[in-house]
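As structure tokens, the structure follows; a few thoughts come after it.
4 protein chains.
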Amino acid sequence: MEVLKRFGVSMDESLLKNFDEFINRNNYKNRSEAIRDLIRGELVEEEWLEKGHLVAGAIVMVYDHHKRELMDILVDIQHEHQGLIISSQHIHLDKRMCLEVIIVKGKIDEVYDLESKLRSVKGVKHASLAKSTLGKGI
Amino acid sequence: MEVLKRFGVSMDESLLKNFDEFINRNNYKNRSEAIRDLIRGELVEEEWLEKGHLVAGAIVMVYDHHKRELMDILVDIQHEHQGLIISSQHIHLDKRMCLEVIIVKGKIDEVYDLESKLRSVKGVKHASLAKSTLGKGI
Amino acid sequence: MEVLKRFGVSMDESLLKNFDEFINRNNYKNRSEAIRDLIRGELVEEEWLEKGHLVAGAIVMVYDHHKRELMDILVDIQHEHQGLIISSQHIHLDKRMCLEVIIVKGKIDEVYDLESKLRSVKGVKHASLAKSTLGKGI
Amino acid sequence: MEVLKRFGVSMDESLLKNFDEFINRNNYKNRSEAIRDLIRGELVEEEWLEKGHLVAGAIVMVYDHHKRELMDILVDIQHEHQGLIISSQHIHLDKRMCLEVIIVKGKIDEVYDLESKLRSVKGVKHASLAKSTLGKGI
């Protein structure tokens, strides 16, 4: 079970006033929650600097499904990386455009490799990556 | 139907050599495809600078489901923004940690607002956003 | 004179352990200093989201001075924005390449406008921006 | 002497229209110049992913000079990294706040190390980094 620790933080009054306004703007319930979230954000950012680190994330692609071979190519690429992929989900944005979200869990360099292979396929209009974490120790 | 246009690009030999290596490293099939992708990437980045622009994307959250009220709070928040949310998907990372991907389509400031509300809930360890596009005109 | 305020922060032991390692890796002297710096970093990031905000910063350009007209063009552009520019400094990187740092103080949209005008001149190889702050209230 | 190469690029009419608008908004003179700049931007971004790569850049700090020991500490740190530092320049933002720009040329991990040491000094309100390049082959 987790043990809760408590410590003191000192801050100039003017910085504290600006921080409290930041807390309101960003919906945090209290200073501790905001500070924990800033720290966790930094720790996850550092995780993503080490190529071999195990992470989770989601690759979002937008593509034109009228190019039918495209879907076969995208499925083939995903099967070659199936150990990395937890699931993928398909959304119809409009008559032509599809959005696909591929949830991944694995090493960072494998995530980047998969993203690069998907992004570079003709017909894929855009690929982006939400960098997340397995949540260990945060 | 889309009309394909063609134009010439000039480049110093040394830059072209470096570009061709970039193309190989990043799995592009040819120079045109790489250039189109760079341009589309910039256009989508610019889309995300205008608060009122319509976009698509995915919010990825990692949270500890042992805090049971947490799941109720997260569902409540999502219902308050149901017009924005296309679907959400839940992954069990380990015994404690869940990863949830919420696919959104709507105005940028609404996407940021939803992300902020989810991120600030106690028990949510991390939230990140994959910024994507409806794919119009790219 | 600034009044120093003090408040308590609570954190799971495992997060605190990871935070203390973060503090060591990043040379902070203590937890308060690290937390203040994370907060200030977020506040400055938010400053840069409002186009009309007054900020400070530095534009760094690398260009090939063998294109002599280039230097005239760059000086002309800077004179058109002289109200924004505090100083500029020139470094000889090698026989061909120059690095120039332009320190700016003014509205964000004016900073971006100047950066864009410099970056787009033929012969300018790269332009980047260090986003800083006037330091009010932080 | 550099040899100029020329090649053809194909693009859907709608993407080309959006690209031409992008070119106008961003002050580029023609499509070739815009494409070269996008490519150079990507190449420099990739440079900054390899810790040992030689780069140029500028660290911008804002600090409160009323803490007089602070200036001694900052100078000491800079002297310990003098091989990395080309020059530094000091601006008086207002009665209390100083902005200092340190131009650096060296290995990426050394740049980050210096930035981290400066940023973590008590009294330094903000540090940011403009990531630039030696301009080789671009």
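Protein chains in written order, with our numbering: chain A, 1202 to 1339; chain B, 1202 to 1339; chain C, 1202 to 1339; chain D, 1202 to 1339.
From the three backbone atoms N, C-alpha and C, an ideal C-beta is built for every residue, glycine too.
Count the C-beta pairs between the segment 1257-1272 of chain D and the segment 1288-1308 of chain D that are closer than 8 Å, then say yes if the count reaches three, no if not.
-> yes
Out of ALA1257/B, TYR1229/B, SER1321/B, which has the shortest C-alpha to C-alpha gap to ARG1320/A?
-> TYR1229/B
Is it true that the CB of LYS1206/B sits closer than 8 Å to the CB of SER1211/D?
-> yes
Between the segment 1202-1236 of chain A and chain B, which residues of the former have a C-beta closer than 7 Å to a C-beta of the latter?
-> ASN1227, ASN1228, TYR1229, LYS1230, GLU1234
Going along the chain, which residues of the segment 1325-1338 of chain C sit with their C-beta nearer than 9 Å to a C-beta in chain D?
-> VAL1325, LYS1326, HIS1327, ALA1328, SER1329, LEU1330, ALA1331, LYS1332, SER1333, THR1334, LEU1335, GLY1336, LYS1337
Check distances from the C-beta atoms of the segment 1266-1295 of chain A to those of chain B and list, in chain order, the residues that come in under 9 Å.
-> ILE1287, SER1288, GLN1290, ILE1292, LEU1294, ASP1295
Environment of ASN1225/D [buried if 16+ CB atoms lie within 10 Å] = exposed
Does VAL1245/B have its Cβ less than 8 Å from a Cβ in chain A?
-> yes
For ILE1309/C, decide whether its Cβ has a neighbour in chain A, counting only Cβ atoms nearer than 8 Å.
-> no
Between which two residues does the beta strand (DSSP E) harbouring LEU1300/A extend?
-> 1298-1308
According to DSSP, which residues form a beta bridge with ASP1265/B?
-> MET1298/B
Residues of its chain near VAL1322/D, where Cβ-Cβ distance is below 6 Å and the 5 sequence neighbours each way are ignored = ILE1274
Proximal chain D residues relative to LEU1239/B, where beta-carbon distance stays under 9 Å | ILE1236, LEU1239, ILE1240, GLY1242, GLU1243
Are the C-beta of VAL1256/D and some C-beta of chain C separated by less than 8 Å?
-> no
Who does PHE1208/A pair with in a DSSP beta bridge?
-> VAL1210/C
In chain D, what lies closer than 7 Å to LYS1318/C by C-beta?
-> ASN1228
Evaluate LYS1252/D with the Cβ neighbour count: other Cβ atoms within 10 Å of its Cβ, from every protein chain shown; 16 or more gives buried, anything less gives exposed.
-> exposed
LYS1323/D versus chain C: which residues are under 8 Å apart at the beta carbon?
-> LYS1230, GLU1234
Nearest to ALA1328/A by CA position, among ASP1314/A, HIS1254/A, GLU1247/A, ASN1231/A, is which residue?
-> ASP1314/A
Proximity test, Cβ basis, 8 Å: LEU1300/C and chain D = yes
By the 10 Å Cβ neighbour count, where 16 or more other Cβ atoms means buried, how is ASN1219/C classified, buried or exposed?
-> buried
Name the two residues that bound the continuous beta strand (DSSP E) containing LEU1330/D.
-> 1325-1332
List the residues of chain A that VAL1263/B touches, going by C-beta distances under 8 Å, in chain order.
-> ALA1257, SER1333, THR1334, LEU1335, GLY1336
Alpha carbon of ASP1277/D to alpha carbon of HIS1280/A, nearest angstrom | 55 Å
Rounded Cβ spacing between ASP1213/C and GLU1203/A (contact assumed at less than 8 Å) | 4 Å
Counting only the same chain and skipping the five closest in sequence on each side, list residues whose C-beta sits under 8 Å from that of LYS1268/D.
-> LYS1323, GLY1324
Is LEU1335/A buried or exposed, if buried means 16 or more other CB atoms sit within 10 Å of its CB?
-> buried
CB GLY1258/A to CB GLY1284/A, shorter than 8 Å?
-> no
To the nearest angstrom, report how far apart LEU1271/C and HIS1282/C are at their CA atoms.
-> 17 Å
Give me the Cα-Cα distance between GLU1222/B and GLY1209/A, rounded to the nearest whole angstrom.
-> 52 Å
Can you list, in chain order, the residues of its chain whose CB lies under 6 Å from that of ALA1331/C, leaving out five sequence neighbours each side?
-> GLY1258, ALA1259
Within the same chain, show all residues whose beta-carbon is closer than 8 Å to that of HIS1266/D, passing over the 5 residues directly before and after it, in chain order.
-> MET1272, ARG1297, MET1298, CYS1299
Can you tell me the Cα-Cα spacing of LEU1239/B and ASN1231/C, whole angstroms?
-> 43 Å
With 16 other CB atoms within 10 Å as the buried threshold, where does LEU1250/D fall?
-> exposed
Exposure label - SER1333/B; buried when at least 16 CB within 10 Å | buried
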